[in-house]
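Chemist:
Protein chains: 4
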Amino acid sequence: MLKVIVCGATGYTGVEIIKLLLKHPEVKIAGMSAKIDKPVKMSDEFPELKGIFDEVVEDKSIQDLLKIDADLVFLALPHTVSMEFAPHFLKKGMKVIDLSADFRLDDLSVYEKSYKHKHSFKEYIGTAVYGLPELYKDKIKKTKLLANPGCFPTASILSLAPLMDKIGQAISDVIIDAKTGVTGAGRKAALAFHFSELSDNMWAYKVGAHQHAPEINQELSKAAKKNITALFVPHLSPMKRGILATVYVSMNKKNDFACADIIKWYKAFYKNAPFVRIYEEGTLPKISGVLNSNFCDIGIAKAGEKIVIISCIDNLLKGAAGQAVQNMNIMCGFKEEAGLL
Amino acid sequence: MLKVIVCGATGYTGVEIIKLLLKHPEVKIAGMSAKIDKPVKMSDEFPELKGIFDEVVEDKSIQDLLKIDADLVFLALPHTVSMEFAPHFLKKGMKVIDLSADFRLDDLSVYEKSYKHKHSFKEYIGTAVYGLPELYKDKIKKTKLLANPGCFPTASILSLAPLMDKIGQAISDVIIDAKTGVTGAGRKAALAFHFSELSDNMWAYKVGAHQHAPEINQELSKAAKKNITALFVPHLSPMKRGILATVYVSMNKKNDFACADIIKWYKAFYKNAPFVRIYEEGTLPKISGVLNSNFCDIGIAKAGEKIVIISCIDNLLKGAAGQAVQNMNIMCGFKEEAGLL
Amino acid sequence: MLKVIVCGATGYTGVEIIKLLLKHPEVKIAGMSAKIDKPVKMSDEFPELKGIFDEVVEDKSIQDLLKIDADLVFLALPHTVSMEFAPHFLKKGMKVIDLSADFRLDDLSVYEKSYKHKHSFKEYIGTAVYGLPELYKDKIKKTKLLANPGCFPTASILSLAPLMDKIGQAISDVIIDAKTGVTGAGRKAALAFHFSELSDNMWAYKVGAHQHAPEINQELSKAAKKNITALFVPHLSPMKRGILATVYVSMNKKNDFACADIIKWYKAFYKNAPFVRIYEEGTLPKISGVLNSNFCDIGIAKAGEKIVIISCIDNLLKGAAGQAVQNMNIMCGFKEEAGLL
Amino acid sequence: MLKVIVCGATGYTGVEIIKLLLKHPEVKIAGMSAKIDKPVKMSDEFPELKGIFDEVVEDKSIQDLLKIDADLVFLALPHTVSMEFAPHFLKKGMKVIDLSADFRLDDLSVYEKSYKHKHSFKEYIGTAVYGLPELYKDKIKKTKLLANPGCFPTASILSLAPLMDKIGQAISDVIIDAKTGVTGAGRKAALAFHFSELSDNMWAYKVGAHQHAPEINQELSKAAKKNITALFVPHLSPMKRGILATVYVSMNKKNDFACADIIKWYKAFYKNAPFVRIYEEGTLPKISGVLNSNFCDIGIAKAGEKIVIISCIDNLLKGAAGQAVQNMNIMCGFKEEAGLL
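Protein chains in written order, with this note's numbering: chain A, 2 to 342; chain B, 2 to 342; chain C, 2 to 342; chain D, 2 to 342.
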């Protein structure tokens, strides 16, 4: 059994990782930590775990965490915090799956501008692998430091990668209009996330300025083999979880590809991806289809010359914890779907 | 025009009072105050007021509030805070409508036990009138210090007063199972009220120990002319606003009253109450029927020998701001419905 | 007092019209009709009207409706049904406000294609005025047949009209990504609108093929004085009411207009529009700001060279009943805001 | 592998059974049927099953169903329909788990009154076992015809059985105030269940007259060894799924049992029940704790002399499909928790 540590166990992502690991046939939870005032039973904080996982979580120092006999650590920590933890585990020889943005961006200056924070461990940037299994499975197999993608980037990049790969040179313009459930903002009290503020409400935020945009552009540009700057606009919606991204693609020449052809490209591109489902022409995915699962559902339509792509994920699973476990499976030689279906 | 001050203007209740006053034909808002860090335009805090009420609210001292030329003040303040403000306005000769619990209870020891706070202005308790217009209209007309009822007590007492009045002596047992929307907890961030925690969820709290219970018992006992101790159990529900109270009444002798007769008693009892609506036999109210209104809708059923009463209000209107304005209308000689229909 | 008939009184739009008229100082409801199996008290169908409006509504024939002494009729009827009613009232000399799409499109062939229905009253198309007061107030004053805009077109056109007016020639591309509450689909049972299907869910539909698109394009083209074909993609969201449209505008030359300048154009364009509110730079509207009101709130951002506009309305008010009453006010010489603030 | 048929596969309960069976280590789905107009792929009707379960379901005759090689059938059919199907499968020697009410009541006259339908297969009533594993595990092991309890009865009976068992003779009065999510009403369109009707709303229905009440009373009476007539009042709440029952128990003599003692009784009573969790004194369950699980969470409080019990289940799992699978496990000698954790 693989021995695993979860840091940040009381966040929405952390507890989701723990729930997945509890059902995983090859893994044992060897330790936990969380930024909390005093130790608490996980099942007191999350009553759904009562009788299933009654372990106590506490705020452990990095020294104490290093004493635990473990093979791999999930860092479900805030941006700028992960980078302080990862090197210690790596030096000990452990595998690290970091769910923050700290090792996702190739260009440190972009990181430092986006997250308004000086990066302290530049030497690791080059060794980290961007953990989107549908694009980088071979690299993921070999890495010790995995940068798990953000939720918006996962939905966005998966919706566009086949198109970038096939006709990236002809694409002139990409707009990503994303709608997200509120767990994407983390498990913390804030008036804006109060039930009575968000119920029957919706709003756009950080228009063209979201910290996930550089991550999206980095990966789209690699896939297209040219510089792509998508316009990314997120919207907070009255849902617990789930992301629906509506993606608009314009081309710099006449777009005479049939929708059916484009769908074929997608199916071919994802033929070995067990968690991506491409919808048939004339049908589009809903968030309900992916809720509580690790799937990314993608539907494609043509409207005039534009290509419109709908991409749905559960932000806490394929957008975070599920993808992290999928990456662990690949890094450790388990079946890619283990514990995820 | 009556000149009015609103203290606590940025709470859910405070802003609701302001919205009602803006549509009121006889009133002018002369001043506001709120416990906030720095002055803010009301329409920045509540964008629905943009262009309608762009005044700035700030944290005014009692001295500054007393300098405002005003006839009446609404204290939409937390329990234990109101009592520090009310006497100053009263001494100046102003009318005071207090929406906290500070002057609702006749018995100071009950207050101090329920709110875990020593009462500093005992001398005012006797002069305050409990502001349930359906029971105390004559006293309300004459008072200068009005204790506006709590939201749960309003729904509960109105649902039971006619029965207590008619057959109080025969009633042996009262259970009030109340379901409330989340605005009842006030406009403040807390993890329990986070959209993702409350959506698709529900829970009971303070079973038999809610601070509103003594207020309910006080008024039921007066109406019954004997001591009544109802069991009050509130539940938080995934709704922005609204209370539905399901009330179970048992009797200490054979209950051979027909449902139709009981409904007649209620209609007679409330014949001069413009904001209480009694449903016909076989029909029961829903929260949607009273949302955004000052109505209390009441339906009655018999189940075996028990009487079951369903009572619905909007917790922010008939349960707080609307009732406060209704009381203002009565205290100031306006039409009782002014600004409320 | 103006005597008014409401046809379609039991739909979401119909009852909203009635609620507005009940508070309107210049209007009296002279008659109602609805496609229902048997007569019903409006307050039984809509308990919030209990004691306020207990009139009975029934399925009246056009002959019976014509016998009512009335000056104006609201047709809150489905597309293709309104056209059968309107001419009768017009011939009698009454004013007609039609909330369906039947008289909105100048080009009959576009109507017949969009609504898959042969238009039986072509002769009236030319005399109808498109009822967007912010664009056509002078024509509205004089018309007897008013085509009240759709909810999506209202949010969309108001968000773009000033831009079309000012720099329409330079605009190359418009995408409208709209999110709507479920009342937009009308008051009828359907599995897709079931609480358990829509809660925590969202989906796009009729991508680039919604019947409101031609209406949007017609008005944008007029405003731009050139042919505009916006891509319109609606999304159903877990909200009772409200529309948030996110509009993306690209230009065919370098866009060096500052956001502040664009906001100035909007403020100037709408300076006489009491129900349009333009947000300051750096702030964007939320649906909560316009809920239960007749306002359209608009915020503008620049993202790279693109202009992003956020437009919010209450789909049942500014998107239907409220705008209809606003048009009635203008047609009848009342204050434009009468009954709407 | 056990070969299983699911009748009613496209209802909320039917599809939930299928999802559980797909993860069950000992079971194979051998056939399906549903009352639908034309055959449909399960993954078209329920997109979450895409790629996981793409089988076609159709409206099969009983003759065709009997031709399938199968060991056990789940009847997720409406009341009064199940009774027409069950005997055929029994005669063939198959095991039958019926999720309707058709075989739950010992007294046929009570059934016929509650469901307003003449029972056509009285001879089977005596052989059916009421499938509450926490009470009847031994009988369940041996039966071929299992009557799976209703959702409200499951939450209600589990909340009271230990008390009935221990002090049933002293109990004078039981009130069950239940709040349910909307999937309890089945997967069918109805205006009352429309998102815009149920959102921010709540109502009581069938006060003291719900068809589940006799089932509750039958089991409470057996447990108490005396006649118990609980007052059962259900409320529809704006939730997809989940039931929270608040149960009020009065006694006919002084109740001097400590809460801690009562909790001990419950823990002892359920010591072999893997899906019942008893909360510690001072804590109460929430619906979120049992959502998407087969658990029944129970918390107990004392309020004066009354005992207040809070019981939570997921209505589609422990209240239907999950309990049916639990019963299958027991009937077939599998581990009771198989496929359910």
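Cβ coordinates follow ideal geometry from the N, Cα and C atoms, glycine included.
1) Among the residues of its own chain, which have a CB less than 8 Å from the CB of residue 109/C, if the five just before and after it don't count?
2) Thinking just about the alpha-carbon of each residue, which of 311/B, 106/B, 107/B is nearest to the one in residue 161/B?
3) Please say whether residue 205/B and residue 247/D have beta carbons closer to each other than 8 Å?
4) List the residues of chain C whose Cβ lies closer than 8 Å to the Cβ of residue 253/A, in chain order.
5) Do you know offhand how far residue 230/C's Cα is from residue 249/C's?
6) Determine whether the Cβ of residue 247/C lies closer than 8 Å to any Cβ atom of chain D.
7) Could you check which residue in 259/B, 330/B, 192/B, 170/B has the C-alpha nearest to that of residue 186/A?
8) For residue 166/D and residue 303/D, what's the separation of their Cα atoms in angstroms?
9) Taking the alpha-carbon positions, what's the residue 200/B to residue 45/A distance?
10) Determine the direct distance from the alpha carbon of residue 157/C to that of residue 308/A, and round the result to whole angstroms.
11) Is it true that the CB of residue 240/A sits closer than 8 Å to the CB of residue 287/C?
12) Taking the DSSP output, what are the residues bridged to residue 249/C?
13) For the alpha helix (DSSP H) that contains residue 263/C, what are its first and last residues?
14) Express the C-alpha separation of residue 115/A and residue 212/A in angstroms, rounding to a whole number.
15) Identify the contact partners of residue 239/B in chain A, using a Cβ-Cβ distance below 9 Å as the criterion.
16) Just to confirm the assignment: which complete alpha helix (DSSP H) runs, minimum length 4, are found wholly within the stretch 173 to 240 of chain D?
17) Please compile the residues from chain D whose C-beta is within a distance smaller than 7 Å of the C-beta of residue 184/C.
18) Starting from residue 33/C, trace the beta strand (DSSP E) in both directions and tell me its first and last residue.
19) Determine the chain C residues that contact residue 50/D at a beta-carbon separation under 8 Å, and present them in chain order.
20) In or out: residue 291/A buried (at least 16 other Cβ within 10 Å) or exposed?
21) Rounded to the nearest angstrom, how far is the Cβ of residue 341/D from that of residue 295/D, given a contact under 8 Å?
22) For a contact meaning CB atoms closer than 8 Å, what does residue 192/A contact in chain B?
23) Look at the alpha carbon of residue 306/B and the alpha carbon of residue 174/D, and state the distance between them as a whole number of angstroms.
24) Quick one: which residues of the stretch 277 to 311 of chain C get their C-beta closer than 9 Å to a C-beta of chain B? List them in chain order.
25) Please determine if the stretch 28 to 38 of chain C and the stretch 61 to 79 of chain C are in contact, where contact requires at least 3 C-beta pairs separated by less than 8 Å.
26) I'd like the list of long-range same chain contacts for residue 93/A, defined as Cβ closer than 7 Å, with 5 residues on each side in sequence excluded.
27) From the DSSP output, in three-state form, read off residue 279/B for me.
28) Going by C-alpha distance, which of 84/D, 13/D, 3/D, 259/D is nearest residue 322/D?
29) Have a look at residue 316/D and residue 146/D and give me their C-alpha separation to the nearest angstrom.
30) Report the residue from 218/D, 217/D, 69/D whose alpha carbon sits nearest the alpha carbon of residue 61/D.
31) For the beta strand (DSSP E) that residue 297/A lies in, which residues bound it at each end?
32) Grouping DSSP H, G and I as helix and E and B as strand, with all else coil, what is residue 69/B?
33) Would you please state the rounded distance, in angstroms, between the beta carbons of residue 313/C and residue 264/C? I believe it to be under 8 Å.
34) Going along chain D, which residues have a C-beta under 7 Å from residue 205/B?
35) Curious, which full-length alpha helix (DSSP H) runs of at least 4 residues does the stretch 89 to 115 of chain D contain?
36) How far does the alpha helix (DSSP H) with residue 317/C in it reach, from first residue to last?
Modeler: Short version:
1) Indexing the third sequence from 1 puts residue 109/C at position 108. Exclusion of the five residues before and after residue 109/C leaves 120, 123, 126 as the residues of its chain whose Cβ lies within less than 8 Å of its Cβ.
2) Taking the second sequence and counting its residues from 1, one reaches residue 161/B at position 160. It is 311/B whose Cα lies nearest to the Cα of residue 161/B.
3) What you label residue 247/D is simply residue 246 of the fourth sequence in a count that begins at 1. What you label residue 205/B is simply residue 204 of the second sequence in a count that begins at 1. It is a contact, given that the beta carbons lie within the stated cut-off.
4) In the first sequence, residue 253/A corresponds to position 252, counting from 1. Here the premise fails: no neighbours, minimum Cβ distance about 12 Å.
5) By 1-based counting over the third sequence, the position of residue 230/C is 229. By 1-based counting over the third sequence, the position of residue 249/C is 248. For residue 230/C and residue 249/C, the distance between alpha carbons rounds to 13 Å.
6) Here residue 247/C refers to the residue found at position 246 when the third sequence is read from its first residue. So no, residue 247/C is outside the interface.
7) Residue mapping note: residue 186/A aligns to position 185 of the first sequence, counting from 1. Taking the Cα of residue 186/A as reference, the smallest distance to any Cα among 259/B, 330/B, 192/B, 170/B is reached at 192/B.
8) For the purposes of this step, residue 166/D is taken as residue 165 along the fourth sequence, with counting starting at 1. For the purposes of this step, residue 303/D is taken as residue 302 along the fourth sequence, with counting starting at 1. Between the alpha carbons of residue 166/D and residue 303/D lies a gap of roughly 18 Å.
9) Locating residue 200/B in the second sequence gives position 199, where the first residue counts as 1. Locating residue 45/A in the first sequence gives position 44, where the first residue counts as 1. So the alpha carbons of these two residues sit roughly 20 Å apart.
10) The sequence position of residue 308/A within the first sequence is 307, counting from 1. The sequence position of residue 157/C within the third sequence is 156, counting from 1. For the pair residue 308/A and residue 157/C, the Cα-to-Cα distance works out to about 21 Å.
11) Sequence index remark: in the third sequence, residue 287/C carries index 286 (1-based). Sequence index remark: in the first sequence, residue 240/A carries index 239 (1-based). Against a cut-off of 8 Å, the Cβ pair of residue 240/A and residue 287/C comes out as no contact.
12) Start at 1 with the first residue of the third sequence, and residue 249/C comes out as number 248. In the DSSP output, where bridge partners are listed per residue, residue 249/C has 176/C, 309/C.
13) The residue given as residue 263/C occupies position 262 in the third sequence. Element bounds for residue 263/C: 260 to 270.
14) Numbered from 1 along the first sequence, position 211 holds the residue referred to as residue 212/A. Numbered from 1 along the first sequence, position 114 holds the residue referred to as residue 115/A. In a straight line, the C-alpha of residue 212/A is about 5 Å away from that of residue 115/A.
15) For the purposes of this step, residue 239/B is identified with residue 238 of the second sequence, where counting begins at 1. What residue 239/B touches in chain A: 196, 200.
16) Unbroken alpha helix (DSSP H) runs of no fewer than 4 residues, entirely contained in the stretch 173 to 240 of chain D, are found at 196 to 199, 214 to 225, following chain order.
17) Along the third sequence, one-based indexing puts residue 184/C at 183. Annotation: Cβ neighbours of residue 184/C in chain D (cutoff 7 Å, chain order): 197.
18) Within the third sequence, residue 33/C is the residue found at index 32, counting from 1. From DSSP, the beta strand (DSSP E) with residue 33/C extends over 28 to 34.
19) If you number the fourth sequence from 1, residue 50/D lands on position 49. The contacting residues do not exist; residue 50/D stays about 15 Å from chain C at best.
20) To locate residue 291/A, count along the first sequence from 1; it is residue 290. That one is buried.
21) As a position in the fourth sequence, residue 341/D is number 340, starting the count at 1. As a position in the fourth sequence, residue 295/D is number 294, starting the count at 1. Yes, residue 341/D and residue 295/D are in contact; Cβ-Cβ is about 5 Å, under 8 Å.
22) The sequence position of residue 192/A within the first sequence is 191, counting from 1. For residue 192/A, the chain B residues whose Cβ falls inside 8 Å of its Cβ are 188, 189, 190, in order along the chain.
23) Taking the second sequence and counting its residues from 1, the one referred to as residue 306/B is at position 305. Taking the fourth sequence and counting its residues from 1, the one referred to as residue 174/D is at position 173. So the two alpha carbons sit approximately 11 Å from each other.
24) Hits within the stretch, in order: 278, 280, 284, 286, 287, 289, 290, 291, 292, 293, 294, 296, 298.
25) Counting Cβ pairs under 8 Å, three or more are found: they touch.
26) Taking the first residue of the first sequence as position 1, residue 93/A is located at position 92. The residues are 67.
27) For the purposes of this step, residue 279/B is identified with residue 278 of the second sequence, where counting begins at 1. In this structure, residue 279/B counts as strand in the three-state DSSP scheme.
28) Here residue 322/D refers to the residue found at position 321 when the fourth sequence is read from its first residue. The option with the nearest alpha carbon to residue 322/D is 13/D.
29) Your numbering for residue 316/D matches position 315 in the fourth sequence. Your numbering for residue 146/D matches position 145 in the fourth sequence. Straight across, the Cα-Cα distance linking residue 316/D with residue 146/D is about 22 Å.
30) The residue given as residue 61/D occupies position 60 in the fourth sequence. Checking every option, the nearest Cα to that of residue 61/D belongs to 69/D.
31) On the first sequence, residue 297/A is found 296 positions in, with the first residue counted as 1. Residues 297 to 304.
32) Residue numbering aside, residue 69/B sits at position 68 when the second sequence is read from its first letter. Three-state DSSP puts residue 69/B in coil, outside helix and strand.
33) Your numbering for residue 313/C matches position 312 in the third sequence. Your numbering for residue 264/C matches position 263 in the third sequence. Wrong, their Cβ atoms sit about 16 Å apart, outside the cutoff.
34) Start at 1 with the first residue of the second sequence, and residue 205/B comes out as number 204. The contact set of residue 205/B on chain D, defined by CB atoms closer than 7 Å, consists of 247, 285, 311 in chain order.
35) Secondary structure remark: continuous alpha helix (DSSP H) runs of at least 4 residues inside the stretch 89 to 115 of chain D, in chain order: 109 to 115.
36) Translated into positions along the third sequence, residue 317/C becomes position 316. Residue 317/C -> no alpha helix (DSSP H), and no H or E assigned at all.
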